[in-house]
Structures are given as C-alpha cells and as structure tokens.
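Scroll down for the structure; my scribbles are underneath it.
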Amino acid sequence: MRPRPPVTGRGIVSGTGLIVTALAATAVALLVPLWSYADRPDPANATAPSTRTVTTPYGPLSDADRDFVTKVRLAGLWELPAGELALRKGTTPAVRAAGRHLVDGHTALDAHVRTVAAQLGTPLPNEPDERQKRWLATLETAEGQDFDRRFAAVLRLAHGRVYPLAAEVRAGTRNTLVRDLADATGATVLDHIKALEATGYVDFAALARDLAVSPTPVPAPPEVDPSAAVPVTPTPVPSGS
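Under UniProt numbering, read the sequence shown as residues 1 to 241, first letter to last.
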C-alpha cells in the first residue's frame, strides 16, 4: 500500500475554511427571508386606509358626508338654471310646470345646503362642473319639442342618480346636519322626478339603460308623442324644506 501523505497545516486550514464558508452560506439562506419580510406589514394588522373623519358639534363628519354636501350644491348650480330654461322654452304646460318644480325646489335646497356648509366649515363650489355645463349648453341651444325631450331625458337621468345617493347617505351618516340635508334632498328629488315623468317625455327603457352604466354625456332625446304629455300642477315648496 502506498503510504498516506501526512496532513499538513495548510490542509487543515483549507478544510476549516470550507466548513466556515458552508456555515456562513447556511446562515445567509436562513436570514435572508427574515430580512426580506422584516419591512413588510403584518397581514393580520394590515388595514385599508380610513376616510378622514373630523369631529363637529353635530356629530362626526366623514369624507362621504362632505362629498354629499358638495354634490347637492353642484346639483342646484345647474338644475335650477335648467328649470328656468324650461319655464322660458318649454312648449307644454307639463314641461313648464316641471321647470317650476326645479326652480322652487333648488332655491330652497340651495339655501339649506349653504347653511349646512357654513355650520360645518365645508367649502362649496360656485359653478357647475364641466359635464353639467355641457348639459346646460345642450339645453340652451335646443328649441321646441327637441328641448322638451332633452330637458326631460337629462334631468330625469340626473335625478335618478342623486335619489339613491341621498338615501345611502341618510342611512349611514352620523352627522345630524347631513342627515337633515339628506332628508330634504330626497324629498326634493322625488318631487322633481314625479314632475319630470308627468311631462310624458321620459323614455323609461332608455333611462334604465343609462342608469345601469357609468355617468355618460347628454343622452339622445327619445321620440315621444307630444300628445302623450300629461300636465302637472306645481305644488308649493314648504318653507325650510
């Protein structure tokens, strides 16, 4: 047998180095996952960002409450002028009556929302948004029965979107002023919906389709026989509604 070469110090050092390297690699493999997860949030403690809610003498005021107050103001900024256009340009008593409902209702509702906003310290817009301006521009250029159809179509669609919003806010808000405003808004919007439907120009099939999708530009006026229009007598708006 060939004799074994003696183990030298260099061999011992080389073997030790391999062992140390292997242990270091193992330690790194174990620690890297810990480091990579150290900065990640604990799924058990992770929560969605909460809405900003402030305390007021009338109860908590949430972002949803403030958004609703703003939308009520925006609605009045274009629907009241639309009602004035209907009073001036409507070709049937029913269309002009619907215009009167809009003018009376939004005059009272706008005074209400401005009072609420002042008490809550919520800023309000002073002009309609761009989409509402386009709706108004379309009504301003329309004439005759085309105006009647467009007026009924776009205003009924807009009120159909606001009505469930008022109910949702009324059900969930913890602020008494916003709750009262939602009550007044719901009552006013329902009155306007009935007056607009009484014009005989509302196409309910087209309305259902438009309400089922995201907000869209001014809907095309439906072809409705003007003889089907049913006059409606405006009802007085109670003071403070």
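C-beta: ideal position from N, C-alpha, C; glycine also.
**Item:** Bridge partner(s) assigned by DSSP for Val54
**Value:** Reading the sequence shown from its first residue, position 54 is the one you call residue 54. Bridge partners of Val54: Leu61.
**Message:** Is the separation between the beta-carbon of Asp63 and that of Arg52 shorter than 8 Å?
**Reply:** Here residue 63 corresponds to residue number 63 of the sequence shown, with the count starting at 1. Here residue 52 corresponds to residue number 52 of the sequence shown, with the count starting at 1. Result yes, Cβ atoms of Asp63 and Arg52 sit closer than 8 Å.
**Request:** Give me the Cα-Cα distance between Arg73 and Arg114, rounded to the nearest whole angstrom.
**Result:** Looking up residue 73 in the sequence shown gives position 73. Looking up residue 114 in the sequence shown gives position 114. If you take the alpha carbons of Arg73 and Arg114, they lie about 8 Å apart.
**Request:** Taking 8 Å as the cut-off, decide whether the C-beta atoms of Val116 and Leu181 are in contact.
**Result:** Start at 1 with the first residue of the sequence shown, and residue 116 comes out as number 116. Start at 1 with the first residue of the sequence shown, and residue 181 comes out as number 181. In this structure, Leu181 lies closer than 8 Å to Val116 by Cβ.
**Asked** Buried or exposed: where does Gly121 fall if 16 or more other Cβ atoms within 10 Å of its Cβ makes it buried?
**Response** Here residue 121 refers to the residue found at position 121 when the sequence shown is read from its first residue. So Gly121 counts as exposed.
**Request:** Let me know the secondary structure DSSP gives Arg96 once reduced to three states.
**Result:** By one-based count along the sequence shown, residue 96 stands at place 96. Helix.
**Message:** Output needed for Thr188: all residues of its chain with C-beta closer than 6 Å, excluding positions within five of it in sequence on either side, in chain order.
**Reply:** Numbered from 1 along the sequence shown, position 188 holds the residue referred to as residue 188. Answer for Thr188: Gly105, Leu109, listed in chain order.
**Separation of Thr173 from Pro164, as counted between CA atoms** = Against the sequence shown, residue 164 aligns to sequence position 164. Against the sequence shown, residue 173 aligns to sequence position 173. Whole-angstrom Cα-Cα distance: 14 Å.
**Buried or exposed by the 16-neighbour rule on C-beta atoms within 10 Å, applied to Arg100** = On the sequence shown, position 100 is the one that residue 100 refers to. Arg100 is buried by the Cβ-count criterion.
**Prompt:** In terms of residue numbering, what span does the alpha helix (DSSP H) encompassing Gly186 cover?
**Reply:** Taking the sequence shown and counting its residues from 1, one reaches residue 186 at position 186. 176 to 197 is the extent of the alpha helix (DSSP H) around Gly186.
**Message:** With a threshold of 7 Å on Cβ separation, who are the neighbours of Arg170 within its own chain once the five nearest residues in sequence on each side are excluded?
**Reply:** Looking up residue 170 in the sequence shown gives position 170. Contacts found: Arg179, Ala182, Asp183, Gly186.
**Asked** Looking only at its own chain, which residues have a Cβ that is under 8 Å from the Cβ of Arg125, when we skip the five neighbours before and after it?
**Response** Residue 125 sits at position 125 when you count from the first residue of the sequence shown. It is Pro, not Arg, that sits at residue 125 in the sequence shown. Excluding sequence neighbours, Pro125 sits near Thr70, Arg73, Leu74, Leu77.
**Prompt:** Under the rule that 16 or more other beta-carbon atoms within 10 Å means buried, what is Gln132, buried or exposed?
**Reply:** Numbered from 1 along the sequence shown, position 132 holds the residue referred to as residue 132. Gln132 should be labelled buried.
**Prompt:** Can you give the Cα-Cα distance for Leu207 and Phe151, rounded to whole angstroms?
**Reply:** Locating residue 207 in the sequence shown gives position 207, counting from the first residue. Locating residue 151 in the sequence shown gives position 151, counting from the first residue. In a straight line, the C-alpha of Leu207 is about 13 Å away from that of Phe151.
**Request:** Can you grab the Cα-Cα spacing for the pair Val213 / Ala158, in whole Å?
**Result:** Walking along the sequence shown from the start, residue 213 turns up at place 213. Walking along the sequence shown from the start, residue 158 turns up at place 158. Rounded to the nearest angstrom, the two C-alpha atoms are 13 Å apart.
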